[in-house]
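To start, the structure itself, in structure tokens.
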Amino acid sequence: MRRPGGLAIVALLLPLAACAAPPSPAAPDESPSQSQVRSTPTRLHLAIMDQIANLNQRANEAGGSTSLGGEEVEWLVLAGLTRLDDRGVRRPQLLEVTPSIENELWIVFPDGRMETTYRIRDGARWHDGTPFAVDDIIFTATIFQDRDLSLRWDPAFDSVESITAQDPRTALIRWKSPFIFADALFEESLMPRHILEKPYLENKASLLGLPYWNQEFVGTGAFRVKEFVLGSHILLEAFRDYALGRPKIDEIEVRFFPDGNALLANVLAGEVALTVGRGISMDQAAQLKSTWRDGQVLTPSSSWVVVFPQMLDPNPPIVANALFRRALIHGTDRQQLVDAIQHGETPIGDAIFSPTQREYDDVEGAIVRYAYEPARAAQMLQDLGYQKGADGMLRNAANQKLEVEIRAVETDINEKSMFSIADYWQRLGVTVDAFIIPRARARDPEYRATFPAFEHTRQPNETSDLKRYHSNQARLPENNFTGSNYSRYINAQWDTMLDRFYSTVPMSERAAVLRDIVHHMTENLLPMGMFHDGLPILVGKRVQNVTGRYPGWNVHEWELPG
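Per our numbering, the sequence shown runs over residues 7 to 568.
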């Protein structure tokens, strides 16, 4: 969500047209070592179900989804200062080391202010040979904060006070308040000052329409653009001066496909050896696991499938009662949902984190779990004052039926999951009106925000996504019903926990706060977690060192043995 506010002083500390060392000329191609000489270049054929026209996702999406593969392609051509690996560990890319409290590159002062020091690797370069420098970081920060440009806002800049160059390779960032993701700043979408400064200063309104963003793209990643045909493909070649070392694969051809069936057909025909992004369904992945002999199917958990209860003036009011929600979750066979919809490949969604995520070990003991116990659920509903009538449906003391509505936006997983959940609740005696929201109606923010009882949806499941549940994100008339707090849960104690989490930098102290947050979420079922959704990735048998979660963080290590 874009936030109001003026330009931070970041852009004022180092004038854009001064202070930078002159860019070095493009480095001449060096003769490859004997080990790099091959009679035929190794080429990996990669596919996404997307039609990207921009290789910098911050400039490409302005807040939209990146799940179809555009983000993964950016990782191939644009390294960040740091990046998460498949276990959620933050690794340095263009930096020498990731700033931390332990290495004293991240300092927290008693008054809450902070300083982080970023030291750029010696030899880090743009694809045209120009050294990557602090001036590029400052220029990128200036672009990120320009409200005249249609860019996704980075909440880090709400806390940044200044960015200064200690020397061409050392940046000092001062923070006016604690921000626990300070080590993730500039993990994506860096921009070359020596290329974009002039057009930005002369006519920034046309900046995002430049051919730089596709055919003439210059990045910092393991691969550089050799050919970009809009609507068709991108041909990438290894960048031998990549900060982490020359990639082991010579070329990657990224092909665009309009739908999952076309993508899958090309995989089965041997035309594609790797897929990334959301394009293959779990049904297709399950079939491939038993029939595809030319590769493997990875299904890392990628999101959290949940049911949001309406907490602000719900209809019926019982929806706001945690005991009622617990009864419903006890009456829902979530393992059966996993088996039927995810083909048993992903875990039940007891909490926001799946067991494969790094944070799970910290919070496992704090999770309140709900086994499938329909008899217990029935007793809980009876204790709430409901009895079954002759028709088997629950009624209160006034003989009014217990009726709830559950709705979802039209997607394959929403339809499969929501109607199954509604069926389980019907078996308990709850009268359920389940329906799919037409896409046109789904664009009405007030309609989406004011659902009477329940909404089924899919949510991101990273630590940084906890802020979505803060009261300031509740969808209210004052903010035109925008925000990410679907339940409209407003609770001061809850907000205090979230605020404390985002302002607690030491990891051990932060983990304790995170346990409190997860306990509160699961005890009160905010939201009602169903299961974790898989994101199938197809990896041909010759392709090595590709990880399912965050593919691309180690692209320079991917291999295609002969």
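A virtual CB, placed ideally from N, CA and C, is assigned to each residue, including glycine.
Simplified DSSP state of residue i, which is helix, strand or coil
i	result
ARG9	The predicted model places ARG9 with a pLDDT of 35, which falls under 50 and marks its position as unreliable; any figure quoted below should be read in that light. Residue state, collapsed to three classes: coil.
GLY554	coil
MET424	helix
ASP539	strand
VAL303	strand
GLY546	strand
ILE15	For ILE15, the predicted structure reports a pLDDT of 38, less than 50, and the residue's modelled location is therefore unreliable. A value from the coordinates is still provided. ILE15: coil per DSSP, three-state reduction.
HIS51	strand
PRO567	coil
GLU529	helix
PRO315	strand
ARG252	coil
LEU216	coil
SER37	Any reading at SER37 is ruled out, since the residue's pLDDT is 41, under 50, leaving its predicted position unreliable.
HIS476	coil
THR417	coil
GLU257	strand
ASP471	helix
HIS562	helix
PHE229	strand
ASP154	coil
GLU208	helix
LEU520	helix
LEU280	strand
ILE354	strand
PHE457	coil
ASN60	coil
ASP345	helix
ASN321	coil
VAL43	Bear in mind that a pLDDT of 49 at VAL43, under 50, signals an unreliable position, so the number given afterwards is only what the model happens to contain. Correct three-state label for VAL43: coil.
ASN272	helix
ASN491	strand
ASN327	coil
ILE442	strand
GLN221	coil
ASN485	helix
TYR378	coil
THR338	coil
ASP450	coil
ASN497	coil
When the options are compared against residue i, the one with the closest alpha-carbon
i	options	result
ARG474	ASN485, GLY489, HIS462 and ALA279	GLY489
THR469	LEU242, MET536, SER212 and TYR508	TYR508
ALA85	GLU193, VAL438, ILE255 and SER493	GLU193
SER423	GLY395, VAL313, ALA448 and GLN465	VAL313
PRO198	HIS133, ARG93 and ALA328	HIS133
TYR569	TRP298, ASN530 and ASN485	Since the first residue of the chain shown is 7 and the last is 568, residue 569 is not available in this structure.
GLU102	ALA384, PHE138, ARG252 and MET288	PHE138
ALA372	GLY237, HIS525, ASP300 and TYR124	HIS525
PHE537	ASP439, ASP345 and ILE186	ASP345
VAL369	ARG521, VAL511 and ARG340	ARG521
PRO174	PHE262, THR136 and ILE201	THR136
ILE347	PRO320, VAL303 and GLN290	GLN290
ARG230	TRP81, ARG447, ILE169 and ILE358	TRP81
ARG555	HIS562, ILE543 and LEU434	ILE543
HIS51	ASN60, PHE245, THR123 and VAL273	VAL273
ILE144	PHE187, TYR492, GLU167 and VAL83	GLU167
ALA188	ARG449, HIS349, ILE107 and ARG153	ILE107
Residue i - partner residues in DSSP beta bridges
i	result
SER168	ARG180
TRP310	GLN465 and HIS538
LYS394	LEU400
ILE240	PHE234 and VAL260
GLU409	THR437
ASP173	THR176
GLN201	In the sequence on display, residue 201 carries Ile and not Gln. Answer is none; ILE201 lacks a bridge partner.
Contact belief for residue i with residue j at Cβ below 8 angstroms, rounded distance in angstroms
i	j	result
ALA162	ALA249	That belief does not hold up - the Cβ atoms of ALA162 and ALA249 are roughly 22 angstroms apart, past 8 angstroms.
THR437	LYS407	5 angstroms
ILE54	VAL260	7 angstroms
GLN316	ALA459	6 angstroms
THR48	ILE255	5 angstroms
ASP471	VAL311	Not quite, the Cβ-Cβ distance comes to about 14 angstroms (not below 8 angstroms), so this is no contact.
LEU270	VAL545	That pair is no contact at about 14 angstroms.
GLY391	ASN402	6 angstroms
GLU243	THR305	At roughly 31 angstroms, the Cβ-Cβ gap does not stay under 8 angstroms, so GLU243 and THR305 are not in contact.
ASN62	TRP159	About 15 angstroms; that fails the 8 angstroms criterion.
ALA190	ARG125	With a Cβ gap of about 16 angstroms, ALA190 and ARG125 do not count as contacting.
GLU409	ILE442	No, GLU409 and ILE442 are not in contact; Cβ-Cβ is about 19 angstroms, not under 8 angstroms.
In chain order, each beta strand (DSSP E) run of at least 3 residues that lies wholly inside the stretch 65-141: As far as the stretch 65-141 is concerned, its whole beta strand (DSSP E) runs of at least 3 residues are 88-90, 96-98, 112-114 and 120-125.
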